[in-house]
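Using the working numbering, read the sequence shown as starting at 24 and increasing by one per residue. Every residue, glycine too, gets a C-beta built ideally from N, C-alpha and C. Model, not experiment: these values are computed from the prediction.
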Amino acid sequence: MALFLVQHGKSLSKEQDPEQGLSVEGFADARRIAEVASMYGVRPEAVKHSGKKRARQTAEIFAGALLGETSKTGAISGIGPLDDVTAVANTLKTSDNLMLVGHLPFMERLTGFLITGVVDRVVFKFQNGGIVCLDKDQGGLWWYIKWALMPKIG
């Protein structure tokens with residue numbers, strides 16, 4: 024079991040779409056990473072996202088590819104770009120096998136906090152549409168980065 028963190032796919036500018044939905048590239052990157060994750064057998068129990076359009080669209084892509092349905096997606100509060108990561112961190116368990124789809128800087132801050140206990144310590148640079156899988160050691164005390172799938176390398 025694990026915790027899967029996803030930064031939403033690339034979005035349109037506010038001028039192109041006031042709600043900043045996914046761009047063509049954002050849809051393509053999210054689909055590609057979701058398909059690769061599916062081939063590796065990634066199967067979260069649920070895919071939760073912030074209330075923003077680009078996060079919902081990304082969550083639906085991942086849920087469709089990984090679960091074969093989008094009914095296990097839903098918006099949750101507390102994972103917006105500037106929300107308090109400590110509030111969410113204290114509720115997370117690897118046994119939930121949860122995927123969260125959100126934004127920067129929240130995702131990088133949450134990852135840093137879970138691994139180091141320091142909110143502002145960046146331990147991983149996210150990419151739009153990428154997944155970082157976190158797990159806990161056998162004793163269940165410490166989080167670590169288990170693997171990552173990113174749209175771009177280098």
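| Asked | Found |
| --- | --- |
| Return the CA-CA distance between Leu45 and Val146, expressed in angstroms with no decimal places. | 26 Å |
| Which class does Lys169 belong to by DSSP, given the choice of helix, strand or coil? | strand |
| Under 7 Å, do Thr81 and Ala53 count as touching if we go by C-beta distance? | yes |
| In its own chain, which residues sit with a C-beta less than 7 Å from the C-beta of Lys175, not counting the 5 before and 5 after it? | Gln150 |
| From Arg77, Ala57, Gln30, pick the residue whose C-alpha is nearest to that of Asp40; which is it? | Arg77 |
| Any heavy atom of the ligand MN closer than 6 Å to the beta-carbon of Leu26? | The model on display carries no ligand, and the ligand MN is accordingly not part of it. |
| Apply the 10 Å Cβ neighbour rule to Arg79 and answer buried if 16 or more other Cβ atoms are within range, or exposed otherwise. | buried |
| Which one or two residues does DSSP pair with Phe27 in a beta bridge? | Met122, Cys156 |
| Report the partner residues of Ala98 according to the DSSP bridge assignment. | His72 |
| To the nearest whole angstrom, what separates the beta carbons of Arg132 and Val108, a pair I think is in contact under 8 Å? | 5 Å |
| Roughly how many angstroms separate the alpha carbons of Leu157 and Ile99, rounded to a whole number? | 20 Å |
| If you draw a straight line from the alpha carbon of Ser118 to that of Gly163, how long is it in whole angstroms? | 10 Å |
| Nearest to Ile168 by alpha carbon, out of Val141, Val142, Thr134? | Thr134 |
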